[in-house]
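Colleague: Mind having a look at this structure? Questions to follow.
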Amino acid sequence: MQNILQASRRGGAVLALGLAMTAMLAVPAQVRARAAAEATIAPAPARGPEAIADLAAEVMDAVVNISATETETATRRGDVPPAIPGSPFGDLFDEFRKRRGEDGPRPRGAESAGSGFVIDETGVIVTNSHVIGEANDITVAFTDGAKRKAEVVGRDDKLDLAVLRVKADKPLKAVKFGNSENLRIGDWVVAIGNPFGLGGSVTAGIVSAHSRDIEQGPYDDYIQTDAAINRGNSGGPLFNLAGEVIGINTAILSPSGGSVGIGFAVPAELAAPTIAQLREFGETRRGWLGVRVQPLDEDAADALGLKSQDGALVASVDAAGPAAGADIKAGDVIVRLDGKAVKEPRDLSRGVAATPIGNRVEVTLLRDGAERKVSVTLGRLEDSEKAQNAAETAGDAAARPNRALGLHLSEIDEELRQQFALADELKGVVVVEVDADSPAADKRIAPGDVIVEVGRTPVTTPAEVERALAAQRKEGRRSALLLVTGRDGEVRFVAVRLEE
């Protein structure tokens with residue numbers, strides 16, 4: 001019986017094949033030929049968008065090459081901070097600093113090259129600030145072979161942007177900024193620039209990620225793309241398929257300096273307003289709230305009795321800043337700015353910076369578990385360097401140790417004030433030693449740091465620190481929130497887990 005069934009199946013298969021062949025023969029020859037040809041063509045997603053060639057032809061003339069020469073030795077401006085040890089972006093910053101010439105002053109006659117693009121037919125050009133450096137001789141080369149000298153209209157090192165102007169004897173091809181807020185991961189983008197001095201080159205790829213924080217500055221919100229970006233692409237445009245500039249190519253993550261598929265561009269939503277300020281004023285005019293903020297980690301949230309880590313924790317308030325007169329205090333957690341959610345400190349930084357100076361904004365904050373709303377009239381952001389440099393690493397201190405949290409603490413006396421270069425007006429309890437395997441060491445508390453508050457309670461002696469910690473344990477806290485002034489003058493909150 002089984003053999004009969006198998007034979008039936010084989011017979012059925014043969015019959016089906018015969019019917020299929022008969023059906024194919026019944027189809028006209030030209031139809032079969034067209035179907036065969038279509039079967040050999042890759043589906044559209046595999047080919048990529050067909051509009052890239054048309055887009056390149058349309059916008060290529062707006063993209064320029066920029067060469068900059070420093071005729072005198074100059075120290076580069078807008079230094080990039082050293083990479084944090086262990087940071088995944090260490091290679092990026094090493095390469096980025098090399099491209100900006102920050103391994104030392106540029107020698108006499110040194111040159112750099114990059115890309116840029118025309119945004120106004122009268123001769124206004126955008127590029128990266130690091131492309132022009134401190135050059136006093138800048139030449140812009142166009143696709144038709146023409147070369148024109150350029151002057152610097154304005155620059156912003158925080159976003160690494162610069163605006164140039166050339167004299168044009170005829171209207172130039174210009175491109176416009178598009179909307180970068182609605183970019184989706186996977187959207188096609190096109191980068192045009194002058195990599196390795198080869199002349200205009202076009203590469204295409206997709207948006208790999210957005211809102212990338214690469215530890216470059218307070219306004220980090222980079223577009224990440226796998227469109228090839230190499231040396232010389234800096235300052236060039238990143239287009240969407242509508243031919244609009246949605247980013248300015250700025251940095252790459254690469255140990256070799258060549259593209260490995262990880263490039264970053266300043267999004268148009270950040271670049272366009274800044275460029276408008278540079279064109280109008282020759283400088284940026286950002287809003288200023290006057291607070292120093294830090295992320296709200298799990299330990300800090302627990303120490304404050306909060307269920308969420310969303311928000312920006314106020315570490316200090318500038319006594320002369322707008323926030324000082326608006327009842328904003330250290331320890332507050334800012335959760336909204338003018339109704340927009342603040343999930344992390346850079347949300348606040350970008351929101352404040354984008355708000356015109358003199359505007360009154362509503363700040364929603366959490367204090368002692370309750371929500372408050374205050375109004376603040378924003379001032380103008382003024383960059384300043386820290387006035388105090390870190391002193392040499394201190395040696396052993398002849399002070400009575402206190403072992404709370406793995407810290408050796410002491411009252412501030414004249415000897416310790418001189419040893420750690422502490423300001424005369426600074427009050428608190430000085431850290432003279434930190435146990436290597438302690439919770440405090442995990443939070444990077446170091447000798448010379450001064451604990452000003454424990455759990456919002458001011459302290460001036462080790463005994464007061466112990467009492468404040470005991471009170472935190474009694475309240476059921478798993479972590480203690482310390483207000484710490486570093487040896488460099490930076491004030492920050494540190495949540496240290498309480499040992500059992």
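The letter at position 313 of the sequence shown is residue 313 when you use my numbering, and the numbering goes up by one with no holes.
From the three backbone atoms N, C-alpha and C, an ideal C-beta is built for every residue, glycine too.
Evaluate the contact criterion for the segment 226-235 versus the segment 170-180: three or more CB pairs, one atom per stretch, below 8 angstroms.
Modeller: Contact between the segment 226-235 and the segment 170-180 is absent, because fewer than three Cβ pairs lie under 8 angstroms.
Colleague: For GLU425, does the three-state DSSP call read helix, strand or coil?
Modeller: As a first step, residue 425 is located in the sequence shown; it is residue number 425 there, counting from the start. If DSSP states are grouped into helix, strand and coil, GLU425 belongs with coil.
Colleague: Which one or two residues does DSSP pair with LEU313 in a beta bridge?
Modeller: One-based indexing of the sequence shown puts residue 313 at position 313. In DSSP, LEU313 forms a bridge with GLN294 and VAL333.
Colleague: For ALA39, which residues in the same chain have their Cβ closer than 6 angstroms to its Cβ, ignoring the five residues on either side in sequence?
Modeller: On the sequence shown, position 39 is the one that residue 39 refers to. Its pLDDT being 47, under 50, ALA39 is placed unreliably in this model, and the value from its coordinates should be taken loosely. Excluding positions up to five away in sequence, the list is empty.
Colleague: Looking only at its chain, what residues have a beta carbon closer than 6 angstroms to the beta carbon of ASP327, apart from the 5 residues adjacent to it on each side?
Modeller: Walking along the sequence shown from the start, residue 327 turns up at place 327. Apart from sequence neighbours up to five positions away, the residues of its chain that approach ASP327 with a beta-carbon distance below 6 angstroms are VAL374, ordered along the chain.
Colleague: Is the beta carbon of ALA56 less than 8 angstroms from the beta carbon of ILE192?
Modeller: The residue you call residue 56 lines up with position 56 of the sequence shown. The residue you call residue 192 lines up with position 192 of the sequence shown. Cβ atoms of ALA56 and ILE192: closer than 8 angstroms.
Colleague: Does DSSP put LYS474 in a helix, a strand or coil?
Modeller: If you number the sequence shown from 1, residue 474 lands on position 474. Note: LYS474 maps to helix in three-state DSSP.
Colleague: Just confirm the distance between the C-beta atoms of ASN359 and ASN194, as a whole number of angstroms; I'd bet it's less than 8 angstroms.
Modeller: Start at 1 with the first residue of the sequence shown, and residue 359 comes out as number 359. Start at 1 with the first residue of the sequence shown, and residue 194 comes out as number 194. Not a contact, Cβ separation roughly 40 angstroms.
Colleague: Look at the alpha carbon of ALA324 and the alpha carbon of PRO345, and state the distance between them as a whole number of angstroms.
Modeller: As a position in the sequence shown, residue 324 is number 324, starting the count at 1. As a position in the sequence shown, residue 345 is number 345, starting the count at 1. Each residue's Cα considered, the two are about 18 angstroms apart.
Colleague: What residue ranges within the segment 151-178 form continuous beta strand (DSSP E) runs of no fewer than 3 residues, ordered along the chain?
Modeller: Fully enclosed beta strand (DSSP E) runs of 3 or longer: 161-166.
Colleague: The beta strand (DSSP E) with GLU70 in it runs from where to where?
Modeller: As a position in the sequence shown, residue 70 is number 70, starting the count at 1. Element bounds for GLU70: 63-70.
Colleague: Against chain D, with Cβ distances strictly below 8 angstroms, would GLU371 count as a contact?
Modeller: Judged by its chain identifiers, the structure shown contains no chain D, having just a single protein chain.
Colleague: List the DSSP bridge partners of ALA341.
Modeller: As a working mapping, residue 341 is identified with position 341 in the sequence shown. DSSP, once it has assigned bridges, lists ARG336 as partnering ALA341.
Colleague: Three or more C-beta pairs under 8 angstroms: does that hold for the segment 346-365 against the segment 296-309?
Modeller: Contact fails: fewer than three Cβ-Cβ distances are below 8 angstroms.
Colleague: Note down, one range per segment and in chain order, each alpha helix (DSSP H) of at least 4 residues found wholly within the segment 204-292.
Modeller: 268-281
Colleague: Pick helix, strand or coil for SER438, following the three-state DSSP scheme.
Modeller: Taking the first residue of the sequence shown as 1, we reach residue 438 at position 438. SER438 falls in the coil class under three-state DSSP.
Colleague: To which residues of the same chain is GLN277 closer than 6 angstroms at the C-beta, ignoring the five residues directly before and after it?
Modeller: For the purposes of this step, residue 277 is taken as the residue at position 277 of the sequence shown. So the list reads THR284 and ARG285, once near-sequence residues are dropped.
Colleague: What is the residue span of the alpha helix (DSSP H) that ILE132 lies within?
Modeller: Here residue 132 refers to the residue found at position 132 of the sequence shown. It spans 129-132 - the alpha helix (DSSP H) in which ILE132 sits, taken as one unbroken run.
Colleague: Buried or exposed, going by whether 16 or more other CB atoms sit within 10 Å of the CB of ASP332?
Modeller: Translated into positions along the sequence shown, residue 332 becomes position 332. ASP332 comes out buried.
Colleague: Tell me which residue opens and which closes the beta strand (DSSP E) that ASP54 is part of.
Modeller: Working through the sequence shown from its first residue, we reach residue 54 at position 54. It is not in any beta strand (DSSP E) - ASP54 instead sits in the alpha helix (DSSP H) that spans 52-59.
Colleague: Excluding sequence positions up to five away, which residues of its chain have a Cβ less than 7 angstroms from the Cβ of THR377?
Modeller: Numbered from its first residue, the sequence shown carries residue 377 at position 377. Result list for THR377: PRO322, GLY358 and ARG360, in chain order.
Colleague: By Cβ distance, which residues of its chain are closer than 6 angstroms to PHE142, with the 5 residues on each side in sequence left out?
Modeller: On the sequence shown, position 142 is the one that residue 142 refers to. Within the same chain, PHE142 has close Cβ partners VAL64.
Colleague: LEU198: buried (16+ other C-beta within 10 angstroms of its C-beta) or exposed?
Modeller: As a working mapping, residue 198 is identified with position 198 in the sequence shown. The residue is exposed, with fewer than 16 neighbouring Cβ atoms inside 10 Å.
Colleague: List the residues that DSSP assigns as beta-bridge partners of ASP137.
Modeller: The residue you call residue 137 lines up with position 137 of the sequence shown. Answer is THR69, bridged to ASP137.
Colleague: Between the alpha carbons of ASP226 and ALA204, how many angstroms are there, rounded?
Modeller: Translated into positions along the sequence shown, residue 226 becomes position 226. Translated into positions along the sequence shown, residue 204 becomes position 204. Taking the straight line from one Cα to the other gives about 8 angstroms.
Colleague: Are the CB atoms of ALA128 and THR250 nearer to each other than 8 angstroms?
Modeller: Looking up residue 128 in the sequence shown gives position 128. Looking up residue 250 in the sequence shown gives position 250. In the sequence as presented, Ala is not what sits at residue 128; that position holds Asn. Going by C-beta atoms, ASN128 is nearer than 8 angstroms to THR250.
Colleague: Using a threshold of 8 angstroms, state whether the C-beta atoms of LEU409 and VAL465 are closer than that.
Modeller: Start at 1 with the first residue of the sequence shown, and residue 409 comes out as number 409. Start at 1 with the first residue of the sequence shown, and residue 465 comes out as number 465. The answer is yes: Cβ separation under 8 angstroms.
Colleague: Inspect the beta-carbon positions of THR274 and ASP160 and report whether they are closer than 8 angstroms.
Modeller: Along the sequence shown, one-based indexing puts residue 274 at 274. Along the sequence shown, one-based indexing puts residue 160 at 160. For THR274 and ASP160, no; Cβs fall outside 8 angstroms.
Colleague: Determine, using beta carbons only, whether ILE132 and VAL163 come nearer to each other than 8 angstroms.
Modeller: Counted from its first residue, the sequence shown places residue 132 at position 132. Counted from its first residue, the sequence shown places residue 163 at position 163. Cβ distance not < 8 angstroms, so ILE132 and VAL163 don't count as in contact.
Colleague: What residue range is occupied by the uninterrupted alpha helix (DSSP H) comprising GLU414?
Modeller: Translated into positions along the sequence shown, residue 414 becomes position 414. 414-419 is the span of the alpha helix (DSSP H), which, as asked, contains GLU414.
Colleague: Taking 8 angstroms as the threshold (C-beta atoms), are ALA265 and TYR222 in contact?
Modeller: Indexing the sequence shown from 1 puts residue 222 at position 222. Indexing the sequence shown from 1 puts residue 265 at position 265. Their beta carbons are under 8 angstroms apart, which means TYR222 touches ALA265 by this criterion.
Colleague: Output yes or no for whether 8 angstroms exceeds the beta carbon distance between SER479 and ALA315.
Modeller: Numbered from 1 along the sequence shown, position 479 holds the residue referred to as residue 479. Numbered from 1 along the sequence shown, position 315 holds the residue referred to as residue 315. The answer is no: Cβ separation not under 8 angstroms.
Colleague: With a threshold of 16 other CB atoms inside 10 Å of the CB of GLN418, please say whether the residue is buried or exposed.
Modeller: Taking the sequence shown and counting its residues from 1, one reaches residue 418 at position 418. Exposed: under 16 other Cβ atoms inside 10 Å.
Colleague: Secondary structure at VAL465, three-state DSSP: helix, strand or coil?
Modeller: As a working mapping, residue 465 is identified with position 465 in the sequence shown. Correct three-state label for VAL465: helix.
Colleague: Please state the DSSP three-state secondary structure of SER375.
Modeller: The residue you call residue 375 lines up with position 375 of the sequence shown. Judged by DSSP in its simplified three-state form, SER375 adopts strand.
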